[in-house]
Each structure stands twice: as C-alpha cells, then as structure tokens.
C-alpha cells in the first residue's frame, strides 16, 4: 500500500436516513490525502518534500518516486501505522451497525479551513469507515480520523486553529448549502468547555435541518465533533443523529476507546 495515494472517503447509502447523516457529518469530508486498503479504510500522508495529491473514485495521482528519501518514507509509513491502530473499527460497535462505502469528494473541512501548512507538517492521516445504525425513529452515524503531524508543536498549532472563530465559520460555510438532492441549513459552534481528554481537546456541536428537494419532510440533524491531542497525534470522533437525539453514552464510550489507543501509540 502506497502512502501517497488520495482516494475518497468510504460511505454507504444503505438507507435514506443514513445518507442524510453522511451529508452533514464532519467526517464526510476527508482531512487529507487518502489511500484505500483491503479493509476499505482511508489513509493519507504528506511531508515537506511532497505535497498531498487528490483522487476521484477510480482515478489516482501519486507523488513522484524521487521526492522522498528512505528515512522519511519509513517515518511516514510508521505514522500511518500508528494512526490506523487508533482508529475506530466495526468491532467497536454493536453488530447491527453497518459500514459505509465510498462517496465522491476527498477534501474536507480541515483541509479547506485550516491555516496550518499540512503539506509541510502532515505525516499521516487515517480515516475509518463511516458506521451507521438505523434506529427508531431515526439514524446514528459515527466515524473517526487520526492525524499524525511531524512534531508536537505542529499538532498543537492545528488544535489551536480549530478553536478559532475563523475556522468554525469556514466549516459552517462548507456545511450550509444545497446538493442535487438536499438543502442544509444550520450552525455548528465551538463548545465553551472542552472535554478532559489527552493533552488538550476541542469540541464542536450544532443543529442542522436537511430539506430534501423532492418535497418530502425535513430532517433535523444533530452533530458533535470531538478532537483531542496526544503528543503529535490528533484523534477526531464525528457523530451525527438524524430525526433523533445523539447517543451521549455511545459517544463517551467511543472516546474512551480512542483515548486508550491514542495514549498507547
């Protein structure tokens, strides 16, 4: 598996509600360059010697083979392996949860909104599959992404950037708008109190309304995004709920699992 490929995020439109939850999840956009492994997960890496490249489904762009020295390549592969070990898997959820396969699009809020130079400082990014569960009366969706920077200072800068009003405003600009099938309106805000996770943490949450353009009823969507740093690694959990409340106990349980893995890596 090359660490320089850049495919799209995995999602499955297995139900209408599942599709709506994916439409507004922060994890619906990728946070960096990606690569699809045999398990259907997305990975990415970047360095000071090669900029991230992008791919649409079925089309790949790779970095020139002479841009990395062997030591840097080994460091990047090690970063990718660390990130993968931390990420959510289907085994973290009950058996009735489903995995979500690819959807188009590979640039997400972090790439689009951060002012931190990811081309210089990003060593690896691993995004889990999306996982979704249709439950009466709505649907839940969760996913994770794990980002490894080239040092702790760069990871600290990235966390600080995610707390800014500019970053949050940029994310809202991305989320609000229309697609071919739905219109999204709402606002995500930075929580005043950050959770006590790792070296530092930031939480964003918000409420949206997804209006299908076919005239069918609107769907209220709740979202929470929690990112925490452990050294040079940032782990993010994304959760959305469509037509129902978020499962706060599930979010706490998944954060505990992610923190345990991140601390060990």
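Residue numbers (my numbering): 833 to 1097.
For glycine and all other residues, C-beta sits at the position ideal for the given N, C-alpha and C.
Nothing here was measured: the structure is a model prediction, and the numbers come from that model.
Item to check | Sheet register partners of residue 816 (DSSP bridge) | outcome: One cannot answer for residue 816 here, as it falls past the ends of the chain, which runs 833 to 1097.
Item to check | Residue nearest to residue 1087 in terms of C-alpha spacing, selected from 1020, 945, 1015 and 1033 | outcome: 1033
Item to check | Nearest-angstrom beta carbon gap, residue 973 and residue 1071 [assumed within contact, 8 Å] | outcome: 7 Å
Checklist entry - Which residue or residues does DSSP assign as beta-bridge partners of residue 1052? => result 1041
Checklist entry - Are residue 1020 and residue 1057 closer than 9 Å when you measure CB to CB? => result yes
Next on the checklist: Per the DSSP calculation, residue 1067 is bridged to which residue(s)?
Outcome noted: 978 and 1060
Next on the checklist: Run through the DSSP bridge pairs and tell me what residue 1016 is partnered with.
Outcome noted: Here residue 1016 is bridged, per DSSP, to 1009 and 1042.
Checklist entry - Count the other CB atoms within 10 Å of the CB of residue 982; is the residue buried (16 or more) or exposed (fewer)? => result By the 10 Å Cβ count, residue 982 comes out buried.
Checklist entry - Can the beta-carbon of residue 947 be found less than 9 Å from the beta-carbon of residue 998? => result In contact: residue 947 and residue 998 (Cβ atoms closer than 9 Å).
Item to check | Nonlocal neighbours in the same chain, by C-beta distance under 8 Å from residue 1027, ignoring five residues either side | outcome: 1033, 1035, 1058, 1060 and 1087
Checklist entry - Using a Cβ-Cβ distance under 9 Å, would residue 984 count as near chain C? => result Checking the listed chains, one finds no chain C in this structure; it contains a single protein chain.
Item to check | Collapsed DSSP secondary structure at residue 1100 in the structure displayed | outcome: As shown, the chain starts at 833 and ends at 1097. That puts residue 1100 outside it, with no answer to give.
Next on the checklist: Cutting at 6 Å between CB atoms, please list the residues of its own chain near residue 925, excluding the five before and the five after it.
Outcome noted: 963
Item to check | For residue 941 and residue 1037, the rounded distance between their alpha carbons | outcome: When rounded, the distance between both Cα atoms is 14 Å.
Checklist entry - What's the gap between the Cα of residue 1052 and the Cα of residue 1008? => result 14 Å
Checklist entry - Helix or strand or just coil, what does DSSP make of residue 985? => result Three-state DSSP puts residue 985 in a helix.
Next on the checklist: Please tell me whether residue 977 and residue 921 are closer than 9 Å, where the distance is taken between their beta carbons.
Outcome noted: no
Checklist entry - If you draw a straight line from the alpha carbon of residue 1085 to that of residue 1069, how long is it in whole angstroms? => result 11 Å
Checklist entry - residue 1022 by DSSP, collapsed to three states: which one? => result strand
Checklist entry - On the premise that residue 911 lies in contact with residue 980, defined as a C-beta separation below 8 Å, what is that separation, rounded to the nearest angstrom? => result 4 Å
Checklist entry - Along the chain, where does the beta strand (DSSP E) that runs through residue 932 open and close? => result 930 to 932
Checklist entry - What are the boundary residues of the alpha helix (DSSP H) that residue 921 is part of? => result Run containing residue 921: none; DSSP gives neither H nor E here.
Checklist entry - Which of helix, strand or coil does DSSP assign to residue 1072? => result strand
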